[in-house]
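First residue of the sequence shown: 64, per our numbering; consecutive thereafter. Reviewing the structure listed below.
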Amino acid sequence: MKKFLCAVCAVFLLTGCEGRTSESRLSETIPESTVKAGTEAKTIPPATVPKLNNWQNVYKQALFDFMESDEYFLGNDIIEHSAFSIYDLNADGTPELIISPDTSHAASCDIYTYDNELISLGKMGSYGDIGYYEDNGSIIHYNIGQGIEYEIFNRLENDQINIIAKFYNDLGYHGEEQATFQLNDAEMTRDEYNAELEKYRGNIYVSLGRDYSFDDIDAAFAEYSRIISVSRASELLWQKIEKYEGMHISYYYRQKFDDSTYYVFNVYEDYDDRRVTTGWYAVDIFTGDCYDTNVLTELTPLRAY
64 MKKFLCAVCA VFLLTGCEGR TSESRLSETI PESTVKAGTE AKTIPPATVP
114 KLNNWQNVYK QALFDFMESD EYFLGNDIIE HSAFSIYDLN ADGTPELIIS
164 PDTSHAASCD IYTYDNELIS LGKMGSYGDI GYYEDNGSII HYNIGQGIEY
214 EIFNRLENDQ INIIAKFYND LGYHGEEQAT FQLNDAEMTR DEYNAELEKY
264 RGNIYVSLGR DYSFDDIDAA FAEYSRIISV SRASELLWQK IEKYEGMHIS
314 YYYRQKFDDS TYYVFNVYED YDDRRVTTGW YAVDIFTGDC YDTNVLTELT
364 PLRAY
């Protein structure tokens, strides 16, 4: 049987001594206003990029320019290489370009949009990615370090990324008795904090910035119009798996298997003190075909329940 080789990556609860420990330092990564590119994008010869839309030409040139910059990184045994994603962050039909310099704790992504020209939306994220709740349109800047945790919800509107909610707690630094919990700088109890946080979080979380390496620039643009969304893949998977009370589906990442690319999901149950995974599934990003991965070892097609 063909092996399905996936490495399950840690989600959200990151540790590291390099974390930013003050709000003022974190705010340096949050865009305050739109900055338009100071120079026009270079023209790419038609022979090099055939039949691309304007945003595709401009984004492709932005990637080439990044490769010439000091931020471009080939990777080493500890930190992964530069990468990028193309994703529509406001459902307006024109995707955004997210460039990840590397996977170090301090690595924030460059985010661009296109509105008749390349527009920089600033830098955001840590460990070389940003979060996006596909079902409610929130762009997430998450950072944790030295016991200080930030989760900042943003939205792309009128070619700007605007903060809509900023959560902060220092539970890991001060402990339960002295910890501070804040929403938009207003203090509250831990229970109030958790309740408010759940109101802003969506159900379909996507990590962006590292879908493609810079060796795959042509493939990324060729594939974009053919890829189904994570939300659609989740709907298709829900139709194919057996349901039971307390069941949840969570998207994890994209993974290649025998030259095909899949969205990988896990199904789990939450208890007060733990989360129990009950299955791992894969959905073809082009066809929507769904598979049981048999605990990440092999693909078995699913039939509808």
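Every residue, glycine too, gets a C-beta built ideally from N, C-alpha and C.
Rounding to the nearest angstrom, what Cα-Cα distance links residue 131 and residue 153 in this structure? Against the sequence shown, residue 131 aligns to sequence position 68. Against the sequence shown, residue 153 aligns to sequence position 90. Each residue's alpha carbon lies about 29 Å from the other.
With a CB to CB cut of under 6 Å and the five nearest residues on each side skipped, what residues in its chain are close to residue 84? On the sequence shown, position 21 is the one that residue 84 refers to. Residue placement at residue 84 is flagged as unreliable, the pLDDT there being 36, under the threshold of 50; a coordinate-derived value is accordingly withheld.
Give the DSSP bridge partners of residue 176, in chain order. Stepping through the sequence shown from its first residue, residue 176 is reached at position 113. Residue 176 pairs with 182.
Inter-residue spacing [alpha-carbon to alpha-carbon] between residue 136 and residue 128: Counted from its first residue, the sequence shown places residue 136 at position 73. Counted from its first residue, the sequence shown places residue 128 at position 65. Rounded to the nearest angstrom, the two C-alpha atoms are 13 Å apart.
Identify the residues that DSSP records as bridge partners of residue 331: which are they? Residue numbering aside, residue 331 sits at position 268 when the sequence shown is read from its first letter. According to DSSP, residue pairing for residue 331 in a beta bridge involves 311 and 340.
Looking at the structure shown, is residue 297 part of a helix, part of a strand, or coil, going by DSSP? Here residue 297 refers to the residue found at position 234 when the sequence shown is read from its first residue. In the structure shown, residue 297 sits in a helix (DSSP, three-state: H, G or I).
With 16 as the cutoff for other CB atoms within 10 Å, does residue 356 come out buried or exposed? Position 293 of the sequence shown holds residue 356. Buried: at least 16 other Cβ atoms inside 10 Å.
Could you check the C-alpha separation between residue 207 and residue 312 for me, to the nearest Å? The count along the sequence shown starts at 1 and reaches residue 207 at position 144. The count along the sequence shown starts at 1 and reaches residue 312 at position 249. One alpha carbon belongs to residue 207, the other to residue 312, and they sit about 25 Å apart.
Mind reading off the beta-carbon distance from residue 315 to residue 328? Whole number of angstroms is fine, and I expect it under 8 Å. Looking up residue 315 in the sequence shown gives position 252. Looking up residue 328 in the sequence shown gives position 265. Under the criterion of beta carbons closer than 8 Å, residue 315 and residue 328 qualify as touching, at roughly 7 Å.
How is residue 355 classed by DSSP in three states: helix, strand or coil? What you label residue 355 is simply residue 292 of the sequence shown in a count that begins at 1. In the structure shown, the three-state DSSP call for residue 355 is strand.
Thinking residue 271 and residue 351 are a contact (beta carbons under 8 Å), I'd like their distance in whole angstroms, please. The count along the sequence shown starts at 1 and reaches residue 271 at position 208. The count along the sequence shown starts at 1 and reaches residue 351 at position 288. The C-beta distance from residue 271 to residue 351 rounds to 21 Å, too long to fall under 8 Å, and the pair is not in contact.
My assumption, with CB atoms under 8 Å, is that residue 183 sits in contact with residue 171. Please give the rounded CB distance. Position 120 of the sequence shown, counted from the first residue, corresponds to residue 183. Position 108 of the sequence shown, counted from the first residue, corresponds to residue 171. That belief does not hold up - the Cβ atoms of residue 183 and residue 171 are roughly 13 Å apart, past 8 Å.
When 283, 339 and 363 are compared against residue 345, the one with the closest alpha-carbon: Against the sequence shown, residue 345 aligns to sequence position 282. Ranking the options by Cα distance to residue 345, first place goes to 363.
Just how far apart, CA to CA, sit residue 118 and residue 261? Counting from one through the sequence shown, the residue named residue 118 turns up at place 55. Counting from one through the sequence shown, the residue named residue 261 turns up at place 198. So the alpha carbons of these two residues sit roughly 35 Å apart.
Note down, in chain order, each residue of its chain lying with its Cβ closer than 6 Å to the Cβ of residue 287, except the 5 sequence neighbours on either side. One-based indexing of the sequence shown puts residue 287 at position 224. Residues of the same chain with a CB within less than 6 Å of the CB of residue 287, apart from the 5 flanking positions on each side, are 149 in chain order.
Within the same chain, show all residues whose beta-carbon is closer than 7 Å to that of residue 160, passing over the 5 residues directly before and after it, in chain order. Counting from 1 along the sequence shown, the entry for residue 160 is found at position 97. Excluding residues within five positions, the ones whose Cβ falls inside 7 Å are 122, 125, 147, 149 and 175.
Taking residue 289 as the reference, which of 217, 324 and 201 has the closest Cα? Taking the first residue of the sequence shown as 1, we reach residue 289 at position 226. Measuring from the Cα of residue 289, the nearest candidate turns out to be 324.
Looking only at C-alpha atoms, which of 259, 163 and 250 sits nearest to residue 134? Start at 1 with the first residue of the sequence shown, and residue 134 comes out as number 71. Of 259, 163 and 250, the residue nearest in Cα terms is 163.
Using only alpha-carbon positions, find the residue among 141, 231 and 186 that is nearest to residue 223. Mapped onto the sequence shown, residue 223 falls at position 160. A check of alpha carbon separations from residue 223 across 141, 231 and 186 identifies 186 as the nearest.
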